[in-house]
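Be aware that the sequence shown starts at 11, since it is given in this note's numbering, and climbs by one per residue. To keep things clear, I will list the structure first and then write my remarks on it.
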Amino acid sequence: MSGDMKDLNGVETKEESISSFYLDAQETKLMESKWKRRFLYTQYRCDAIFVLGPMGAGKTTVINDEFKTHSVFRNYAYVDTDEIMGMLKGFESNKVEEYYPVARNIAIHLTDWILEQKISFVAEGTCVKYLELIDYMNRLKSVGYHVRVKRLPRVPLDTVLERAKRRKNRLIPDHVVESILEGSNLGIEKLYQSNKIESLFEDMDEQERNEERSSALAVVHREAFCVRELWSALTQRRALKDILQGKISSDIKANEGKCLEMKKSVKACEDAVRKKNQRLLLLQKAKNKTPVDPRNINEASVKFEKARCEAERSCEDVKIGMKHFEEQKREDWYHILSDFLLAEMRFHAKALQGYTAAFRCLPLLSEGGGADRPRGNPRGNPRGNSRKSSCGTKERKVAFPSSDDDTKLPVSQINLRRRSDSSDSKLSLRDLD
């Protein structure tokens, strides 16, 4: 595995040239142990992320800005050969040629150990040797790794040359930089062509675009759901209006007609009593009139008796009618109020259900992307977490880069039932649906 990783990360020196005459074996092992302790207790397993692009494309910047600051990816294994070299005892900027092979040898050993532990990592590479990288990805997948690629955009040669000259630890000739740029662009294209056939990896930028489209569709669906619920409430309100204006209003008007009839009966009774009193006064006047006129008295007496009988009959009719009217009035108003309350409660129950569902959509409509989500995984949830069984441990994510070369509200479901014992009411639940 060491030899393969050496090629993958573009080690140009021969095996025998990796000398440690500047450092003894014990100090080298201490350096390896120090790096291993960084990743020893990570819970993230079986996720491999490759940041690919030519030299000077900004791979280290992307890793530092997007992955090392991420709540999950910052825990991924990330072995930086340049950082190891800078930590070696006695290193100076003018001794890169001597110290880099030693640091690279340490990085290779660390890489082997990381893969043995199946620790999640982020690796960077130029993809010049794309065939080795394809083989490496296949081997990663065979042991349970989920492989993803972060492809950096192409950079003009002038920009790459300028950035290469600003490198602190290693200075590379311009013709080598140009060769790496051409090989990297070609290698990445070949890698993506192979991915279409073999499904080697998942493109993080494509994943981001798919998730953004899915997120946009989800927002549209939520907006449509809110509109549908509000429209349903409006429709129910109109149905309630129709019920109130139809059934309830007609019942109230019918009751009003009964009240008018009763009022007429009472008025007729009052007129009959008033007429009886008038006839009584006329009779008394006839009796008190002098000289006494028996004929007038008899006539007034007959009229009085007739008026009295009519008044008594009218009063009795009103008494009986009033009793029946009061009973009917209570029954009518019971049904009217029952129908009214049933319609109102049914409407408000359904409206509350719709309003609650729409209200629950409001946070979803206003939610934004996480601030610490790097491009390529806007959800911030590493895909590796779903593959616990393949690695045997809980999966999370870390970063390990190599070198520059190759890497219905129930609303209690109110069942409103009419409490009336009468079967006279014509309003049913179907009227409210």
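The C-beta atom is built at its ideal place from N, Cα and C for all residues, glycine as well. From a predicted model like this one, the values you see are computed outputs, not experimental measurements.
When the Cα atoms are used, what is the spatial distance from residue i to residue j?
i	j	result
Leu141	Leu201	8 Å
Gln338	Cys269	10 Å
Leu191	Gly68	13 Å
Ile330	Lys360	45 Å
Leu167	Pro183	13 Å
Lys128	Tyr155	8 Å
Glu126	Val165	35 Å
Arg393	Asp57	Confidence is the limiting factor: at Arg393 the pLDDT is only 47, short of 50, which leaves the residue's position unreliable, though a coordinate-based value still follows. The alpha-carbon atoms of Arg393 and Asp57 are separated by roughly 8 Å.
Phe60	Leu143	10 Å
Glu271	Asp261	16 Å
Met97	Gly66	23 Å
Ser400	Lys46	Note that Ser400 scores 44 on pLDDT, short of 50, meaning its location in the model is unreliable; the coordinates nonetheless yield the value given after this. Rounded to the nearest angstrom, the two C-alpha atoms are 23 Å apart.
Trp241	Leu351	23 Å
Pro448	Lys263	Given that the chain is displayed from residue 11 to residue 443, the structure contains no residue 448 and the question cannot be resolved.
Gln294	Asp303	12 Å
Thr38	Trp123	15 Å
Asn74	Glu216	21 Å
Gly193	His185	12 Å
Ala353	Gln288	53 Å
Val328	Glu315	20 Å
Asn308	Phe335	40 Å
Phe235	Tyr365	11 Å
Glu134	Thr245	59 Å
Met95	Arg223	44 Å
Gly100	Asn195	37 Å
Tyr344	Leu254	15 Å
Phe410	Gln363	In this prediction, Phe410 scores a pLDDT of 38, lower than 50, which makes its location untrustworthy; the coordinate-derived value is nonetheless stated afterwards. If I take the Cα positions, the gap works out to 51 Å.
Arg340	Met355	22 Å
Gly267	Lys273	10 Å
Val237	Leu372	12 Å
Glu102	Ala228	55 Å
Glu280	Arg247	47 Å
His80	Thr70	15 Å
Glu108	Lys44	22 Å
Ala7	Leu40	Beyond the ends of the chain as shown, which are 11 and 443, falls residue 7; an answer cannot be given.
Arg305	Asn298	13 Å
Met147	Ala243	55 Å
Hey, would you say residue i sits closer than 8 Å to residue j, going by beta carbons?
i	j	result
Glu212	Arg158	yes
Leu171	Val187	yes
Asn265	Asp342	yes
Trp121	Asn85	Per the sequence shown, the amino acid found at residue 121 is Thr instead of Trp. Contact: no.
Phe357	Leu250	yes
Val283	Ala310	no
Nearest to residue i by alpha carbon, out of the options?
i	options	result
Glu239	Ile258, Ala367, Ala296, Lys313	Ala367
Phe131	Arg55, Asp252, Ile330	Arg55
Ile258	Ile346, Pro373, Glu126, Lys151	Ile346
Lys313	Val328, Ala296, Cys325, Pro301	Ala296
Glu326	Met41, Gln363, Ala278	Ala278
Val112	Lys329, Gly256, Lys175, Glu42	Glu42
Glu76	Arg247, Met214, Lys128	Met214
Leu62	Val138, Arg114, Met97, Ala35	Val138
Ala35	Asn115, Ser81, Asn306	Asn115
Ser209	Asp145, Ser242, Asp281	Asp145
Arg232	Arg370, Trp241, Leu352, Trp45	Arg370
Ile118	Lys99, Lys263, Cys319, Thr91	Thr91
Lys160	Glu108, Arg219, Ser242	Arg219
Leu291	Glu37, Arg318, Leu50, Ile198	Arg318
Lys151	Thr79, Phe335, Asn205	Asn205
Ser324	Gln246, Lys44, Lys286, Leu372	Lys286
Ala87	Glu280, Phe49, Gln203, Phe101	Phe49
Met332	Leu40, Lys105, Ser275, Arg248	Ser275
Glu93	Lys105, Tyr110, Lys78	Tyr110
Return the bridge partner residues of residue i from the DSSP annotation.
i	result
Lys160	Val61
Gly154	None; Gly154 has no bridge partner.
Ile129	Arg55
Ala87	Phe131
Glu212	Arg158
Within the 8 Å Cβ cut-off, does residue i reach chain D?
i	result
Arg284	Of the protein chains in this structure there is only one, and it is not chain D.
State the CB to CB distance for the pair residue i and residue j, rounded to an integer number of angstroms; the pair is presumed to be in contact (CB under 8 Å).
i	j	result
Val72	Leu162	7 Å
Pro64	Thr136	6 Å
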